[in-house]
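Heads up: the sequence shown at position 5 corresponds to 1301 in this note's numbering, and the numbers run straight through without jumps.
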Amino acid sequence: MIKNTLSKETEIKLLNFFNDRIDPVEMARTLRQVNFTLALCVLSEHETFQSEIIRLRDSFYWLNELAETLNPYLDLE
């Protein structure tokens, strides 16, 4: 796994974005809806090359990870 550290400027921008512009819970909900819609469209309408399947799988994973960071939903019992 790649571990990147964010600059202080980037951290401040992200905090401002989520504190001033958008509710993290709403953003997480939107990310999950978009991820689900993309998955349905890709899997139901297109034949996909193996390399694209791997890339899409990774993209879906990271979008869900971002949604979980914003609003832990899957960790709840």
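Idealized CB from N, CA, C, for every residue including glycine.
Please determine, among the options, the residue with the shortest C-alpha to C-alpha distance to residue i.
{"i": "Glu1361", "options": "Ile1349, Glu1305 and Asn1331", "result": "Asn1331"}
{"i": "Val1338", "options": "Leu1327, Thr1326 and Arg1351", "result": "Arg1351"}
Kindly give me the distance between the Cβ atoms of residue i and residue j, rounded to whole angstroms, as I take these residues to be in contact under 8 Å.
{"i": "Pro1320", "j": "Leu1366", "result": "4 Å"}
When the Cα atoms are used, what is the spatial distance from residue i to residue j?
{"i": "Glu1305", "j": "Ala1335", "result": "33 Å"}
{"i": "Glu1348", "j": "Glu1307", "result": "31 Å"}
{"i": "Leu1327", "j": "Leu1310", "result": "16 Å"}
{"i": "Thr1301", "j": "Pro1368", "result": "22 Å"}
{"i": "Tyr1357", "j": "Ile1318", "result": "22 Å"}
{"i": "Leu1353", "j": "Asp1316", "result": "Before going further, note that residue 1353 is Arg rather than Leu in the sequence given. So the alpha carbons of these two residues sit roughly 32 Å apart."}
{"i": "Phe1313", "j": "Met1323", "result": "11 Å"}
{"i": "Gln1329", "j": "Ser1303", "result": "30 Å"}
Taking DSSP as the reference, what is the three-state secondary structure of residue i?
{"i": "Leu1352", "result": "helix"}
{"i": "Pro1368", "result": "coil"}
{"i": "Tyr1333", "result": "A small fix is needed here, since residue 1333 is Thr in this sequence, not Tyr. Note: Thr1333 maps to helix in three-state DSSP."}
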